[in-house]
Every structure is written in structure tokens, then in C-alpha cells.
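Line order of the protein sequences matches chains R and P.
Quick note on this note's numbering: the first sequence kicks off at 475 and runs consecutively.
Quick note on this note's numbering: the second sequence kicks off at 475 and runs consecutively.
2 protein chains.
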Amino acid sequence: MSDPIEFWFDFSSPYAYIAAQRIEAVAEKHGRTVAWRPFLLGVAFRETDGRPLTHFPLKGPYSAHDMARTAREHGIDFALPEPFPVNSMVAARVFYWLNDRDPDQALAFAKAVYRAYFADGRNIGEPAVVLEIAVEQGLDPDDLKAAAEDPAVKEKLKQATAEAVQEKGVFGAPFMIVDGEPFWGADRIDVVDRWLETGGW
Amino acid sequence: MSDPIEFWFDFSSPYAYIAAQRIEAVAEKHGRTVAWRPFLLGVAFRETDGRPLTHFPLKGPYSAHDMARTAREHGIDFALPEPFPVNSMVAARVFYWLNDRDPDQALAFAKAVYRAYFADGRNIGEPAVVLEIAVEQGLDPDDLKAAAEDPAVKEKLKQATAEAVQEKGVFGAPFMIVDGEPFWGADRIDVVDRWLETGGW
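If you want it as C-alpha cells, here you go:
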């Protein structure tokens with residue numbers, strides 16, 4: 475059994491949202507699974523002098539246009555939300571807490587969070603909204619509140635972010651790692667597909 | 475006859491070099507021509523707070539790896555040159571001077587400059603190297619020296635760069651404009667292909 479494709483993402487990244495709608499089909503086509511790994515892109519930005527794409531002059535309006543165009547091409551519901559970006563920490567913590575219990579449920583939660591923010595315009599930077607989404611997924615609100623404040627869960631996200639940035643060299647989202655080979659950006663999904671098809675070049 | 479595809483590039487941009495090897499085949503496939511438009515990316519970077527990709531922590535090593543991988547996939551000779559980046563002003567001026575006289579010769583010169591820098595590692599930031607390349611293309615060295623210092627030629631590049639950045643919103647290279655639709659990045663060549671195929675979406 476081959477290693478899973480590492481899919482590093484931030485719940486506040488539009489291009490990671492777009493890639494998230496496509497990565498599983500590509501993995502499945504090649505008999506692979508996907509390891510979903512949320513991290514805090516803001517921490518990576520501190521290392522690399524990065525900032526949200528839409529905050530750059532010229533590049534900002536282009537990026538907003540390109541995100542919508544890319545989503546349209548792939549039939550993905552998308553509207554750049556307001557506010558943007560938001561702090562995705564609570565969503566990422568809940569994900570890791572769930573993932574230890576039930577990875578399928580964690581994945582369903584991740585998809586629900588992405589849809590809530592980028593399709594339905596709900597502010598996932600608000601902890602109350604994240605909890606609402608989790609409850610809509612059938613989770614117990616009291617468990618969730620405890621989880622979001624659990625020091626072990628906080629530590630897990632901190633570790634994941636450190637692993638991404640310090641060990642794996644992840645500086646943007648989405649960032650995919652296939653058998654050690656790094657691919658940055660939603661536009662690299664097709665390259666990952668060809669890489670797996672051919673065995674690399 | 476449809477409008478040509480505008481292909482904005484800087485002679486010092488590796489991804490524009492890669493795109494330059496592919497854009498004409500895509501245009502031809504759809505019955506289009508390409509308007510080759512060098513500009514000074516450094517001027518755009520002053521507007522957008524940009525800098526060469528390889529100068530970012532983490533993103534730098536990744537980009538160098540991705541450029542080489544992208545070139546390999548498409549069978550394009552490539553080695554990230556040293557020094558990098560260089561000032562592409564003289565090459566761009568000679569291009570515009572030639573383009574007024576003989577667009578085919580200007581295109582052959584552009585390809586020769588790109589090959590010299592990204593395949594053969596010659597320092598095209600040196601005016602003497604640019605003149606050497608032009609002479610190898612059969613041009614007269616005295617004409618060239620005069621052209622590179624001609625105020626009208628200097629003005630032409632200045633105008634082209636202003637048109638790119640101020641009017642067209644070009645902030646990176648390569649940057650392609652197809653019937654008003656902007657596409658940034660070598661990885662958007664395939665998107666341009668599908669856009670022309672389908673008439674857009």
C-alpha cells in the first residue's frame with residue numbers, strides 16, 4: 475500500500491478549498507488515499523514574509539478573478555467571502571480532535587467547514603459558527619466546546635503547523651506532498667495527476 | 475481575424491521562459507497569433523511589493539525545484555542561471571527596436587536571448603552579451619549599439635512597461651491576455667488552451 479498524499483491546507487485559503495474539491499478523485503484514480511492536514515497559514519507567512527493574495531495591489535483583484543474562474547471551470551460553488559481571510563484556528567483544532575476519533579467524520583467536518591465559508595459565506599472565523607457546523611454534522615456541542623479548549627488539541631495543531639513549516643517546507647496552501655515530492659497550488663492538482671500516472675519525471 | 479494573444483514577459487523570468495516555449499503552439503492550434511511584449515518586471519514589483527521568487531524563504535527552494543520539474547515535463551532545456559535575476563533592460567530595448575523593423579527577426583532574437591540565459595547560462599544582464607547574441611542572429615553591431623542608446627527606443631520600453639503595469643494590471647511574468655481575459659503564470663498556458671477551445675466559461 476502506497477503512502478497517502480499529504481494535503482496541507484488552511485480553512486481560510488480559497489485555492490485550498492478549490493483543491494479540496496478535487497484531490498480525492500485524483501488520489502482514488504491512482505489507488506491512493508489523502509491525509510488531510512490543516513495548518514495555520516498565517517504562521518507560515520511569518521516565516522516567508524507572505525500575506526493573503528488578495529492583499530497585494532494588482533495581484534489582489536487578479537487573484538479574486540482567477541479563483542472564481544478556476545472554481546467555475548471545475549463546477550465548484552464559490553464566492554469570495556467577507557470577511558476574508560479569517561482565523562481558522564478553531565476549525566483546525568476541531569478537525570484534529572475529530573480525526574483522532576473518526577477520520578471519516580473529520581473529513582466530513584472539513585468539507586462542511588469549507589462549504590460554509592466559500593459557498594455559503596458563513597464566518598468560520600467565529601468559534602460559534604464552527605461549533606454550529608460541527609453540531610449540524612451530528613456532534614455533541616459540549617464535547618466540542620471542551621475539545622476546542624483542550625491543551626492537548628491546541629498542542630496538536632501547533633505541532634502540525636510546525637511540522638508543515640519547519641520540517642516539510644510548506645509555505646502556502648494548498649500544498650501537496652506525494653512520495654516526498656512537493657506541489658504548491660491548486661493548479662498543481664493536474665500535475666500531481668500526471669506525476670502519479672507516469673511515476674514522475 | 476481575432477486579436478493576437480498578448481504575451482507579457484521579462485527576459486529574466488524563468489517561468490516566462492518556460493511559457494515562451496509553449497505559447498506559440500497553443501496560439502496556432504486556435505488560429506491565433508502572439509504579440510510578444512517584453513516589459514521590466516522590476517518596475518511591476520515596485521508597485522506590488524514583489525520580488526524574485528527565489529528570494530523568498532522556503533518558497534525560493536521550492537520554486538527552483540518546480541521550475542526545473544516543469545521544464546523537464548515539457549522537454550525544455552533549463553538550468554537556473556547564476557547570476558539570477560539580471561537586468562533585462564538592454565535585451566528588451568533591442569527587442570522593441572527590432573520589432574519595428576522585422577517582427578520575425580525580433581521573435582528569433584527573443585528566443586535566442588532566452589536560450590542563452592536559461593539553457594546556456596550566458597549573462598544576458600551584460601549589454602555586451604546581448605549584443606553578441608544579436609550579432610549571432612545576423613544583426614549589425616553598429617546599428618545595435620546605436621539602437622540600445624536611442625532615446626526613442628528607451629521610451630518605447632518605458633511606455634510598454636507603463637502599459638503593462640498601469641493599464642493592463644500586469645504584476646508578474648508570464649502574463650497572457652486573451653480577448654481581455656488575464657492569465658498569470660506558466661501554469662495558466664493549459665488554461666489559455668482550454669479557454670480558446672471552449673470560448674471561455
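Using N, Cα and C, we set each Cβ at its ideal position, and we do this for glycine too.
Where Val-508 (chain R) falls: helix, strand or coil (DSSP):
strand
- From the DSSP output, in three-state form, read off Trp-571 (chain P) for me. helix
| query | What's the gap between the Cα of Arg-496 (chain P) and the Cα of Pro-512 (chain R)? | reply | Rounded to whole angstroms, Arg-496 (chain P) and Pro-512 (chain R) show a C-alpha spacing of 35 Å.
For this session: May I ask you to verify whether the segment 480-489 of chain R touches the segment 562-572 of chain R, counting CB pairs closer than 8 Å and requiring at least 3?
Result: yes
- Task: Identify each residue in the segment 506-524 of chain P for which the Cβ-Cβ distance to at least one residue of chain R is less than 9 Å, and report them in chain order.
- Result: With the criterion set as a beta carbon lying under 9 Å from some beta carbon of chain R, the members of the segment 506-524 of chain P are Ala-518, Glu-521, Thr-522, Asp-523 and Gly-524, in sequence order.
Could you name the residues of chain P that Pro-531 (chain R) contacts, counting a contact when the two beta carbons are closer than 8 Å? Glu-521, Thr-522, Asp-523 and Phe-645
Going by C-alpha distance, which of P:Arg-506, P:Val-639 and P:Ala-621 is nearest Pro-601 (chain P)?
P:Ala-621
Q: Can you grab the Cα-Cα spacing for the pair Phe-552 (chain R) / Pro-648 (chain R), in whole Å?
A: 16 Å
Secondary structure of Trp-658 (chain P), DSSP reduced to three states: strand
In chain R, which residues lie with their C-beta within 7 Å of the C-beta of Ser-546 (chain P)? What sits at residue 546 (chain P) in the sequence shown is Arg, not Ser. Within 7 Å Cβ-Cβ: Trp-675.
- Would you check if the segment 651-670 of chain P and the segment 655-674 of chain R touch, i.e. whether three or more CB-CB distances between them fall below 8 Å? yes
Could you tell me the alpha carbon to alpha carbon distance between Leu-514 (chain P) and Val-639 (chain P), rounded to whole angstroms? 9 Å
*Considering Trp-482 (chain R), what are the terminal residues of the beta strand (DSSP E) in which it resides?*
479-483
What does DSSP give as the partner residues of Ile-651 (chain P) in its beta bridges?
-> P:Glu-480 and P:Pro-656
Q.
the ligand ADP and Ala-602 (chain P): does the residue's C-beta get closer than 6 Å to at least one heavy atom of that ligand?
A. In terms of ligand content, the structure shown is empty, and the ligand ADP therefore cannot be addressed.
request  = Reducing DSSP to helix, strand and coil, say where Arg-596 (chain R) ends up.
outcome  = Arg-596 (chain R) falls in the coil class under three-state DSSP.
Practice item. For the alpha helix (DSSP H) containing Asp-667 (chain P), list its first residue and its last residue. Key: 663-672
Beta carbon of Ile-492 (chain P) nearer than 7 Å to that of Thr-528 (chain P) | Judged by beta-carbon spacing, Thr-528 (chain P) lies beyond the 7 Å limit of Ile-492 (chain P), meaning their Cβ atoms are not closer than that value.
- Message: In the DSSP assignment, the alpha helix (DSSP H) including His-539 (chain P) goes from what residue to what residue?
- Response: 533-547
* **Which listed residue (P:Ile-479, P:Leu-554 and P:Trp-571) has its alpha carbon closest to that of Leu-631 (chain P)** => By alpha-carbon distance to Leu-631 (chain P), the top candidate from P:Ile-479, P:Leu-554 and P:Trp-571 is P:Trp-571.
Between Ala-518 (chain R) and Tyr-588 (chain R), which are expected to be in contact by the criterion C-beta below 8 Å, what is the C-beta distance as a whole number of angstroms? Between the beta-carbon of Ala-518 (chain R) and that of Tyr-588 (chain R) there is about 19 Å, and that puts the pair past the 8 Å contact cut.
Worksheet item: What does Tyr-536 (chain P) touch in chain R if you count any residue whose Cβ is under 8 Å from its own?
Response: Gly-643, Phe-645, Pro-656 and Trp-658
query: With DSSP run on the structure shown, which of helix, strand or coil describes Val-560 (chain P)?
result: coil
**Report entry** Residue environment, Ala-499 (chain R), which counts as buried when at least 16 other CB atoms sit within 10 Å
**Finding:** exposed
Check the Cβ-Cβ distances between Asp-427 (chain R) and every residue of chain P, and say whether any is below 7 Å.
The structure shown does not extend to residue 427 (chain R), since chain R is modelled only from 475 through 675, so no value can be given for it.
Beta-carbon proximity list for Tyr-709 (chain P), same chain, < 8 Å, skipping 5 on both sides:
There is no way to answer for residue 709 (chain P), as the model of chain P reaches only from 475 to 675.
Identify, in the order they occur along the chain, each residue of the same chain with its Cβ nearer than 7 Å to the Cβ of Glu-480 (chain P), setting aside the five sequence neighbours on each side.
Ala-509, Arg-511, Met-650 and Ile-651
Assuming Leu-532 (chain R) and Thr-522 (chain P) form a contact by the criterion Cβ under 8 Å, report the distance between their Cβ atoms to the nearest whole angstrom. 5 Å between Cβ atoms; contact.
Check your understanding: For Phe-645 (chain R), which residues of its own chain have a beta-carbon under 6 Å away from its beta-carbon, when the five flanking residues on both sides are left out?
Key -> Ala-518 and Thr-522
In terms of residue numbering, what span does the alpha helix (DSSP H) encompassing Arg-520 (chain R) cover? Here the alpha helix (DSSP H) through Arg-520 (chain R) covers 515-522.
inquiry  = Assuming Gly-643 (chain R) and Glu-655 (chain R) are in contact, meaning their beta carbons sit under 8 Å apart, how far apart are those beta carbons, in whole angstroms?
reply    = Between Glu-655 (chain R) and Gly-643 (chain R) the Cβ distance is about 12 Å, and since that is not below 8 Å, they are no contact.
**Request:** Quick one: grab the DSSP three-state call for Leu-613 (chain R).
**Result:** coil
- request: With DSSP collapsed to three states, give me the class of Ala-580 (chain P).
  value: helix
What is the rounded straight-line gap between the Cα of Pro-615 (chain R) and the Cα of Gly-595 (chain R)? 22 Å
Hey, out of P:Phe-583, P:Lys-628 and P:Lys-619, whose CA is closest to Glu-610 (chain P)'s CA?
P:Phe-583
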